[in-house]
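S.K.:
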Amino acid sequence: MSDESKVIKVKNAAGDEIEVTEKAFRVVYKAQGYKKIDDTNEKDGEVIDFFTLSTEELQGITKEKLKAFLDQESIDYNSNANKDELISLITGE
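My numbering puts the first residue of the sequence shown at 1, with every later residue one more than the last.
1. State yes or no: is the C-beta of Lys83 within less than 8 Å of the C-beta of Leu70?
2. Please classify Ile90 as buried or exposed, where buried requires at least 16 neighbouring CB atoms within 10 angstroms.
3. Could you name each continuous alpha helix (DSSP H) segment of 4 residues or more that falls completely within the stretch 15–72, going from the start of the chain to the end?
4. Here's the rule: buried if 16 or more other CB atoms are within 10 angstroms of the residue's CB, otherwise exposed. What is Val10?
5. Got a sec? Which residues, its chain only, sit under 6 Å from Lys63 by beta carbon, not counting five neighbours each side?
6. From the DSSP secondary-structure annotation, give me the bridge partner or partners of Lys6.
7. Are there 16 or more other CB atoms within 10 angstroms of the CB of Phe51, so buried, or fewer, so exposed?
8. Which one or two residues does DSSP pair with Lys83 in a beta bridge?
Okay, structure coming up:
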């Protein structure tokens with residue numbers, strides 16, 4: 001199965017979730033404001049709430065996953081922010 005025919009879940013700003021192919025997302029849904037539902041903050045089917053993690057635990061998470069979480073929570077951040085700055089936004093420190 002090519003990446004373009006892989007089925008993914010996407011969500012719009014209203015929270016409506018649908019399943020589409022990678023190609024359909026790229027060509028149609030992304031322009032309509034849909035975002036991929038990031039499965040990277042899930043473990044064994046449970047969603048991990050980054051707000052409950054310590055600074056040390058957050059250090060073990062990639063910068064991309066931190067940004068995805070902030071996007072999901074509609075928290076603004078500087079696109080050039082380093083990992084420590086992103087973690088500060090999550091921890092409130």
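Ideal Cβ positions, reconstructed from N, Cα and C, are used throughout, including at glycine.
M.R.: Working from what's here:
1. Locating residue 83 in the sequence shown gives position 83, counting from the first residue. Locating residue 70 in the sequence shown gives position 70, counting from the first residue. Taking 8 Å as the cut-off, the Cβ atoms of Lys83 and Leu70 do not count as close.
2. Residue mapping note: residue 90 aligns to position 90 of the sequence shown, counting from 1. It counts as buried.
3. Within the stretch 15–72, the complete alpha helix (DSSP H) runs of at least 4 residues are 55–59 and 63–72.
4. The residue labelled residue 10 in the question sits at position 10 within the sequence shown. Label assigned to Val10: buried.
5. Taking the sequence shown and counting its residues from 1, the one referred to as residue 63 is at position 63. In the same chain as Lys63, and ignoring 5 residues on each side of it, the C-beta atoms closer than 6 Å to its own belong to Lys83, in chain order.
6. To locate residue 6, count along the sequence shown from 1; it is residue 6. Under DSSP, no beta-bridge partner is assigned to Lys6.
7. If you number the sequence shown from 1, residue 51 lands on position 51. Burial is judged here by how many other beta carbons sit within 10 angstroms of a residue's own beta carbon; Phe51 has fewer than 16 and is exposed.
8. Residue numbering aside, residue 83 sits at position 83 when the sequence shown is read from its first letter. Lys83 pairs with nothing; no bridge assigned.
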